[in-house]
Each structure stands twice: as structure tokens, then as C-alpha cells.
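Read through the structure below, which is laid out as C-alpha cells, and then see the notes.
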Amino acid sequence: MATPYDVIIVGGRPAGASLAARLGQQGRRVLVLERAELPSLPNVPSCPTLHMGTLKLLDELGIDEAAYGKDAVRFEQIAVQFGAWFTSRFSFPTVHGRTFGYSIERAPFDLTLWEHLARYPSVTRRRFTVTALVKDAAGAVIGVQGHGPRSGEGESGEGERGEDERIEAPWVVGADGRFSFVAREAGAKVVEEAAEKVSTVYFTEWEGLAPLAPGMAPLLHIYTTGRGLNVLMFPLPGNRTTLCLHQRADRVDIQGDAEAYYERTLRGIPAIAARLQDARRVGRVIGLKRVGNGYREAGGRGWLLVGDALHYKDPVDGQGIYDALIETRILAEELERWFAGGVPVDAVAPAYERRTRQTTHPMYRATVKRIADELYTEPPVPIIRTLIRWMLHDPVYQARFLRFLGRDLDPATWMPPGVVAGIVARGIWSDVRRLFGRPSPAIPGPVAGT
0 MATPYDVIIV GGRPAGASLA ARLGQQGRRV LVLERAELPS LPNVPSCPTL
50 HMGTLKLLDE LGIDEAAYGK DAVRFEQIAV QFGAWFTSRF SFPTVHGRTF
100 GYSIERAPFD LTLWEHLARY PSVTRRRFTV TALVKDAAGA VIGVQGHGPR
150 SGEGESGEGE RGEDERIEAP WVVGADGRFS FVAREAGAKV VEEAAEKVST
200 VYFTEWEGLA PLAPGMAPLL HIYTTGRGLN VLMFPLPGNR TTLCLHQRAD
250 RVDIQGDAEA YYERTLRGIP AIAARLQDAR RVGRVIGLKR VGNGYREAGG
300 RGWLLVGDAL HYKDPVDGQG IYDALIETRI LAEELERWFA GGVPVDAVAP
350 AYERRTRQTT HPMYRATVKR IADELYTEPP VPIIRTLIRW MLHDPVYQAR
400 FLRFLGRDLD PATWMPPGVV AGIVARGIWS DVRRLFGRPS PAIPGPVAGT
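Counting from 0, one number per residue, gives the positions in the sequence shown under numbering that gives the first Met the number 0.
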């Protein structure tokens, strides 16, 4: 029996909206269902950063940079402060034609992607709560069941609930986040997980945060203690800043009051307390304990997962939106092959899963390793003062790290041994020159490997 839609997408934030846009570009009949009223924040912590690779994918979707840039802060530098030992500033190299990233507000950013779908006549958007997956006698997913918003419902949720509806389509895609209802109802298994060395994250917005230095332009400021605790500060419009407390999970003891713990921990770090002296908190604290890192099955008969529903990880590197957008590009291509009659239905999910893992797994492994290295390893002070200082001040390392974040270098090989050896040699040379009162180091030989 013919259905009015080719694909039903559950979830209308970056993963769901970008998939709908790509399918809309192909003229496919798409229904996007979003439970929340937009604009609103997602219900889990998000690293609110768009690196250069993400900007390139937004270009592919035809989303004007001015549309999301008006509610964001463009930054061209990252400051990494390593406790009381040193601070280093990284300037962006050119990646995908840009020398900057954006620090975004998720609520208006998500709304921009949602409203972008209006340009596709074959895409329908609805506010809708899915309460069940509809399955046939063989267990294949053939649609969803749920209800629309309550009559006159706003953020307060007051009013009458809409009538239950059953909507069918050949494919149902769960783009509904790391706690995906679709994944749970479809019985998607976790096929890989790193759950031992994990972080706990709390964040909210502040107003009036002092600049890192007088007169300094907005930048992304990363403060690390080297002792299992990081603070990430993302500039926002209106003299606001998102402060993210990122800590090894086994050392978090909130004693029932997450907001008090968050503020007490921040103010217990002298460098952060100095920036907070005249600031005030303007948002509610959102947190996630023991942030999981893993993959679920990509799909089965009639159902597929994308974004955090498929591939969930720590937000520390700001890669979640990029991964959602690259996964939806792959999924749209695989669905189009099926619609064109090129592959049988049972081949869609395996092909999509194989390509997604090839594309995203190297960064997943790099993120898991960074959590273990940066939160669960405590380097001795002599190493901080030498190797780590040399690395974070080295222009080759800085350029490669920012290209790594911008997905311009393979995450599996972005720091080969030869590059590390060059960094050590330049660091030693710099310290020797300083020891003898020489000016800023002249680096022997060409600086290669950027």
C-alpha cells in the first residue's frame, strides 16, 4: 500500500534536519517529527563549536553562514592554559577556505536548521511526540504512532493532548539523540563502547566574564589542571560565555546539588575565579554523568539511526555536529541507492554502517584516547614544563591540532612520530637559546609537517 512519505525522521535537531535537507534536495517525501518546541536547548550537554569541517558541510546543505553566524561568535584563536604553568594561543590555519570557527548558541542554531527545511516542498515538519514504533507481522518497522502537541501548548505544556495518530513510511530514522527512543524500541544493540574512563560534564551560560587578558578579542579558552579537571569557555553574543566543567567521572561528588557543585568547583580554581569575579550565571546548569562513548547498530528492517542515536561520545572536541552532518550525507546517499532500486532493503543498513564507521571511527578512537590521556593521566611537573610546554607552543603542533579538529587530517595519523621528534628538537633548541640569553628561537632547518 502506498504511503504519503518515503522517510519519517524522529528528531529535528542537527542530525534530523540535515538528513531531511539532503533528502529534500533529492525530492524525497520526508516527514520530520520533533517533540520539543524550537528554539530550545537539547537536553544533554553539547560542545557549542563549529569547526571548519562542519562549516564546509553546512555549505553543502545550502545554509547561509550569515543565518547561523548572527547568533554566534566567530573566533580565530584558541587559548590553552595549563594550570599556573603557561598559556599558549593557537591561530587557525586555512582549512576548507576558512581561518576561523564559530562558538554557537544551540537553541537558535537548531532553529536555523529547522527553518531551512521550509525551502524543500517535499519536506513536512511537525511537532510530534512518538510513543511507539509500528511493526508488521514479521517485526519490520513500518511507521510510528504518537500524538501532536497539546492544544495551545507552549513551553509550559498546558492544554489538551492531541489525538493519537499512526503514520507509515518505508523507513523510520531515529535522529533523537544519545537516549534515542527509536533505538530502544527497535532493539538496537550497543556494538562498541568505552565506558571505563569517562567524564562528567556540567555547563551553563554566564554574563560579564572578564577577558583572558585586557582588550583581547573573543576566543575559545581551554583551562586544564592536568589533574583530571578541565574548564572550557566558549564566547557568545551579548557578553555571554558558556562555561563547561569537564571532569573525570570518578572524582565528581555533587552530594545532591549539581548547581552548587558546578559553581563551587569553578570558583575553587583561582584563574577561573578571577574571570568570574564580576560575572553572573544566567542559565540553568545542564549536566550528564558518566558520558558514554559508543556505537549502536546502524539499523534493521525499516529503521535506521543517525547522529548521537547511532554514535555517541564525549563533547570535549566539539565533533558531534560534524559527525551528525557527515553521517546524514552518507545515509542520504545509501537511501537514494535503495529508492533508485540499486540495492535490496536488507543491504541498506550494513552499507551505511560500514561507511559511517570508516568515516567516524578514527575520531571516535582519538576522543576516547584524549579522555584517558587528559583526564585520567597526571603528568609529572617536569614533563609539563618541558614536553607539554614545547608541544603546546610549537607552531607545527598548533596548526596540525586545529586541522585535526577541522577534520582536515586523518585523526588516526595526525601526529606521526617524525612530527613529535621535530617538536622535541625545536623545544630543546628554544630552551637552550633562552638559557644563553638569546632572543626568540631561530628554528634550525625548515619547519615541515604542518
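We treat Cβ as the ideally placed atom computed from N, Cα and C, and that holds for glycine. None of these values were measured; they are calculated from a predicted model.
Residue range of the beta strand (DSSP E) that residue i falls in?
i, result
"Thr-203", "198 to 206"
"Val-143", "140 to 146"
"Met-232", "228 to 235"
"Phe-74", "71 to 74"
"Arg-125", "122 to 126"
"Glu-164", "163 to 167"
"Val-29", "29 to 33"
"Tyr-222", "219 to 223"
Would you mind giving the Cβ-Cβ distance between residue i and residue j, rounded to the nearest angstrom? I have them listed as a contact below 8 Å.
i, j, result
"Pro-378", "Ile-387", "6 Å"
"Ala-297", "Leu-304", "6 Å"
"His-50", "Tyr-396", "Rounded, the Cβ-Cβ distance is 17 Å, inconsistent with contact."
"Ile-103", "Pro-47", "5 Å"
"Val-122", "Ala-35", "Rounded, the Cβ-Cβ distance is 18 Å, inconsistent with contact."
"Leu-56", "Gly-227", "Incorrect: roughly 33 Å between the Cβ atoms, too far for contact."
"Ala-66", "Thr-111", "5 Å"
"Glu-204", "Val-79", "Incorrect: roughly 22 Å between the Cβ atoms, too far for contact."
"Arg-354", "Ile-329", "5 Å"
"Phe-74", "Pro-213", "In fact, because the Cβ distance is near 18 Å, the residues do not count as touching under 8 Å."
"Ala-136", "Trp-302", "Rounded, the Cβ-Cβ distance is 16 Å, inconsistent with contact."
"Arg-336", "Val-342", "5 Å"
"Leu-22", "Leu-275", "Going by Cβ atoms, the distance from Leu-22 to Leu-275 rounds to 45 Å, so no, they are not a contact pair."
Note down, in chain order, each residue of its chain lying with its Cβ closer than 8 Å to the Cβ of residue i, except the 5 sequence neighbours on either side.
i, result
"Phe-180", "Val-9, Val-129 and Gly-173"
"Gln-144", "Val-129, Thr-130, Ala-131, Leu-132, Val-133, Asp-163, Glu-164, Arg-165 and Ile-166"
"Arg-364", "Pro-410 and Ala-411"
"Gly-15", "Ile-8, Val-9, Val-31, Glu-33, Val-172, Ala-174, Asp-175, Val-305 and Gly-306"
"Leu-218", "Phe-74, Glu-75, Gln-76, Ile-77, Ala-78, Arg-88, Leu-211 and Pro-234"
If you draw a straight line from the C-alpha of residue i to the C-alpha of residue j, how long is it?
i, j, result
"Ile-141", "Val-190", "24 Å"
"Thr-93", "Gln-76", "12 Å"
"Glu-352", "Val-423", "40 Å"
"Pro-394", "Arg-295", "38 Å"
"Met-390", "Arg-279", "35 Å"
"Leu-208", "Ala-139", "53 Å"
"Leu-408", "Val-29", "34 Å"
"Gln-24", "Val-6", "14 Å"
"Gly-26", "Thr-327", "16 Å"
"Pro-120", "Arg-126", "18 Å"
"Val-284", "Val-200", "10 Å"
"Asn-229", "Val-171", "39 Å"
"Glu-157", "Ser-45", "Here Glu-157 scores only 43 on pLDDT, less than 50, and its place in the model should not be relied on; the value that follows carries that caveat. If I take the Cα positions, the gap works out to 28 Å."
"Ala-293", "Arg-183", "It should be noted that the sequence gives Gly, not Ala, for residue 293. Gly-293 and Arg-183: Cα-Cα distance of roughly 15 Å."
"Cys-243", "Glu-332", "36 Å"
"Gly-436", "Gly-426", "15 Å"
"Asp-63", "Lys-69", "11 Å"
"Gly-262", "Arg-88", "Looking at the sequence provided, one finds Glu at residue 262 rather than Gly. If you take the alpha carbons of Glu-262 and Arg-88, they lie about 26 Å apart."
"Pro-314", "Phe-202", "11 Å"
"Ala-273", "Phe-85", "16 Å"
"Pro-3", "Ser-17", "21 Å"
"Asn-358", "Pro-349", "It is Thr, not Asn, that sits at residue 358 in the sequence shown. Cα to Cα, the separation comes out at about 14 Å."
"Tyr-260", "Ala-187", "35 Å"
"Leu-404", "Gln-318", "8 Å"
"Thr-241", "Ile-253", "20 Å"
I need the boundaries of the alpha helix (DSSP H) containing residue i, first residue and last residue.
i, result
"Met-390", "388 to 392"
"Gly-52", "51 to 59"
"Phe-89", "Segment 85 to 90 is the beta strand (DSSP E) holding Phe-89; no alpha helix (DSSP H) there."
"Leu-110", "105 to 115"
"Ile-325", "319 to 338"
"Thr-366", "347 to 374"
"Ile-8", "Careful: Ile-8 lies outside any alpha helix (DSSP H), inside the beta strand (DSSP E) at 6 to 9."
"Leu-18", "13 to 24"
"Leu-244", "It is not in any alpha helix (DSSP H) - Leu-244 instead sits in the beta strand (DSSP E) that spans 239 to 247."
"Leu-434", "416 to 434"
Can you find the residues in the same chain that come closer than 6 Å, C-beta to C-beta, to residue i, ignoring five residues on each side of it along the sequence?
i, result
"Gly-11", "Val-31, Glu-33 and Trp-113"
"Arg-124", "Val-31 and Leu-116"
"Asp-277", "Gly-207"
"Val-251", "Thr-199"
"Asp-307", "Gly-176 and Arg-177"
"Asp-316", "Thr-366"
"Ala-193", "Asn-292 and Val-367"
Leaving out five residues on either side along the sequence, give the residues of the same chain with a beta carbon under 7 Å from the beta carbon of residue i.
i, result
"Ala-216", "none"
"Asp-109", "Arg-12, Pro-13, Leu-37 and Pro-38"
"Arg-97", "Met-51 and Leu-54"
"Ile-271", "Tyr-222, Val-230 and Leu-265"
"Ile-383", "Phe-81, Trp-84 and Gly-225"
"Ala-106", "Pro-38, Ser-39 and Leu-40"
Chain D beta carbons: is any one of them nearer than 9 Å to that of residue i?
i, result
"Phe-127", "Structure shown: chain D not included; a single protein chain is present."
Quick one: complete alpha helix (DSSP H) runs, 4+ long, within the stretch 169 to 194?
180 to 185
4-residue-minimum alpha helix (DSSP H) runs that sit fully inside the stretch 251 to 308, ordered along the chain
257 to 266 and 269 to 275
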